[in-house]
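One structure is given below, encoded as structure tokens.
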Amino acid sequence: MSIESYNDLSPIFNVPDDVVLHIEDIADLVGMHPESVRRWCRDGKMASYCFGNKYIVTGHDFKTFMKAARVKPKWSRE
Numbered sequence: 379m380s381i382e383s384y385n386d387l388s389p390i391f392n393v394p395d396d397v398v399l400h401i402e403d404i405a406d407l408v409g410m411h412p413e414s415v416r417r418w419c420r421d422g423k424m425a426s427y428c429f430g431n432k433y434i435v436t437g438h439d440f441k442t443f444m445k446a447a448r449v450k451p452k453w454s455r456e
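In our numbering, each residue carries its 1-based index in the sequence shown increased by 378.
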């Protein structure tokens, strides 16, 4: 399933691929604390760029992370 097919599931997936997102933008989109998002970046879970302890993430990398984080039903994992 492509990322484009997720567009109807959540407005999160309407983020353009080439947009630059800051930690606070992502935190607002997913309803998490900015430090949680920062930790995803620091730990390498979400692809990001770091400039002087400031992280930025492309829209494409954000959507890729969200797709990978999607929980699959138990019956589809077997």
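A virtual CB, placed ideally from N, CA and C, is assigned to each residue, including glycine.
- Cβ-Cβ distance between V435 and I404 below 8 Å: yes
- Would you decide whether R416 is buried or exposed? Buried here means 16 or more other CB atoms lie within 10 Å of its CB. buried
- Over the uninterrupted alpha helix (DSSP H) stretch that includes H400, give me the two end residues. No alpha helix (DSSP H) holds H400; the beta strand (DSSP E) holding it covers 398–400.
- Query: When the distance is taken between beta carbons, is G437 closer than 8 Å to D396?
  - Reply: yes
- Message: Measuring only from the beta carbon, is W418 closer than 7 Å to any heavy atom that is part of the ligand HEM?
- Response: This structure lacks the ligand HEM; in fact it carries no ligand of any kind.
- Query: Is it right to say S426 is buried, meaning 16 or more other beta carbons lie within 10 angstroms of its own, or is it exposed?
  - Reply: buried
- What number of angstroms, rounded off, separates the C-alpha of E382 from the C-alpha of Y433? For E382, the pLDDT reaches just 48, beneath the cut-off of 50, and the residue's location in the model is therefore unreliable, although a value from the coordinates is still provided. C-alpha separation (whole angstroms): 25 Å.
- How would you call M424, buried or exposed, if buried means at least 16 neighbouring beta carbons within 10 angstroms? buried
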